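*Asks:* In the working numbering, the protein residues as written are 132 to 269. Even glycine gets a Cβ: it sits at the ideal position worked out from N, Cα and C. These figures come from a predicted structure and were not determined experimentally. I'd like to ask some things about the structure below.
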Amino acid sequence: MQINYQWRTDPYPDIWSKYLFISAFALTTVFFNKTIGEVAGDSQATQTAREIMQEIYAIATAQGVELPEHIIPKQLAMAAQFPYDTKTSYHRDVASKGRLNEGDLYGGTILRQGAELGVPTPVTRSVYSAIQDRLSAK
Numbered sequence: 132m133q134i135n136y137q138w139r140t141d142p143y144p145d146i147w148s149k150y151l152f153i154s155a156f157a158l159t160t161v162f163f164n165k166t167i168g169e170v171a172g173d174s175q176a177t178q179t180a181r182e183i184m185q186e187i188y189a190i191a192t193a194q195g196v197e198l199p200e201h202i203i204p205k206q207l208a209m210a211a212q213f214p215y216d217t218k219t220s221y222h223r224d225v226a227s228k229g230r231l232n233e234g235d236l237y238g239g240t241i242l243r244q245g246a247e248l249g250v251p252t253p254v255t256r257s258v259y260s261a262i263q264d265r266l267s268a269k
């Protein structure tokens, strides 16, 4: 059996690229209660995802991680290629009442790291706070 892999001397750009995509779309799909395809087709939702990505990009940069310059447009274009009805795992978890979810992994981590590094995260704070308020009202 052969395992295909790519060796990276610095894995952090790949890790942060993936986190940037997953976190922004997880938070945005839950906040707007839309699938990835619906977010990609909605200018307001797409702008929210873009702004969360910009905050994550700034955190990664403050940590010394060099992400590709055009990563955000590339990630947004990638989302538009997903099947229209794709839900994030966070979105599915939130829809299942009482189920544990990944919210802190996304929203909480961004807020904590932003605070530690002095990177403003107002969009993530607003989105994650609204999600938490909605969930605590259920």
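For Val258 versus Ile183, is the C-beta distance shorter than 8 Å?
*Replies:* Stepping through the sequence shown from its first residue, residue 258 is reached at position 127. Stepping through the sequence shown from its first residue, residue 183 is reached at position 52. Yes, the Cβ-Cβ distance between Val258 and Ile183 is below 8 Å.
*Asks:* Based on Cα-Cα distance, which residue from Gln206, Asp141 and Gly168 lies nearest to Ser154?
*Replies:* As a first step, residue 154 must be located in the sequence shown, where it is residue number 23. The shortest Cα separation from Ser154 among Gln206, Asp141 and Gly168 belongs to Gln206.
*Asks:* Could you check what DSSP says for Val196 in three-state terms: helix, strand or coil?
*Replies:* Along the sequence shown, read from residue 1 onward, the residue named residue 196 stands at position 65. Val196 falls in the coil class under three-state DSSP.
*Asks:* Does the pairing of the region 154–169 with the region 200–218 give three or more beta-carbon distances under 8 Å?
*Replies:* A contact between stretches requires three or more CB pairs, one per stretch, nearer than 8 Å, and the region 154–169 meets this requirement with the region 200–218.
*Asks:* Do Gly234 and Ile262 come within 8 Å of each other at the CB atom, strictly closer than that value?
*Replies:* Numbered from its first residue, the sequence shown carries residue 262 at position 131. Numbered from its first residue, the sequence shown carries residue 234 at position 103. Their beta carbons are under 8 Å apart, which means Ile262 touches Gly234 by this criterion.
*Asks:* Check this for me: beta carbons of Arg181 and Ile203, under 8 Å apart or not?
*Replies:* If you number the sequence shown from 1, residue 181 lands on position 50. If you number the sequence shown from 1, residue 203 lands on position 72. In this structure, Ile203 lies closer than 8 Å to Arg181 by Cβ.
*Asks:* CB-CB under 7 Å to Leu242, same chain, minus the five flanking residues each way: which ones, in chain order?
*Replies:* Residue mapping note: residue 242 aligns to position 111 of the sequence shown, counting from 1. Counting only Cβ-Cβ distances below 7 Å, and skipping sequence neighbours, we find Thr252, Thr255, Arg256 and Tyr259.
*Asks:* With a 10 Å radius around its C-beta and 16 neighbouring C-beta atoms as the bar for buried, classify Thr140 as buried or exposed.
*Replies:* Numbered from 1 along the sequence shown, position 9 holds the residue referred to as residue 140. Its Cβ having fewer than 16 others within 10 Å, Thr140 is exposed.
*Asks:* For Lys149 and Ala268, I'd like the C-alpha separation in whole angstroms.
*Replies:* Indexing the sequence shown from 1 puts residue 149 at position 18. Indexing the sequence shown from 1 puts residue 268 at position 137. Computed Cα separation, rounded: 31 Å.
*Asks:* Return the chain-ordered ranges of every alpha helix (DSSP H) run that is complete within the region 183–238 and spans a minimum of 4 residues.
*Replies:* Considered as a whole, the region 183–238 harbours 202–211 and 220–226 as its complete alpha helix (DSSP H) runs of no fewer than 4 residues, in chain order.
*Asks:* Go ahead and pull the three-state DSSP assignment for Ile262.
*Replies:* Start at 1 with the first residue of the sequence shown, and residue 262 comes out as number 131. Three-state result, Ile262: helix.
*Asks:* Give me the Cα-Cα distance between Tyr237 and Gln133, rounded to the nearest whole angstrom.
*Replies:* Within the sequence shown, residue 237 is the residue found at index 106, counting from 1. Within the sequence shown, residue 133 is the residue found at index 2, counting from 1. For Tyr237 and Gln133, the distance between alpha carbons rounds to 34 Å.
*Asks:* If you follow the alpha helix (DSSP H) that Arg139 is in, where does it begin and where does it stop?
*Replies:* If you number the sequence shown from 1, residue 139 lands on position 8. Looking at the DSSP string, Arg139 is not in any alpha helix (DSSP H), and its letter there is neither H nor E.
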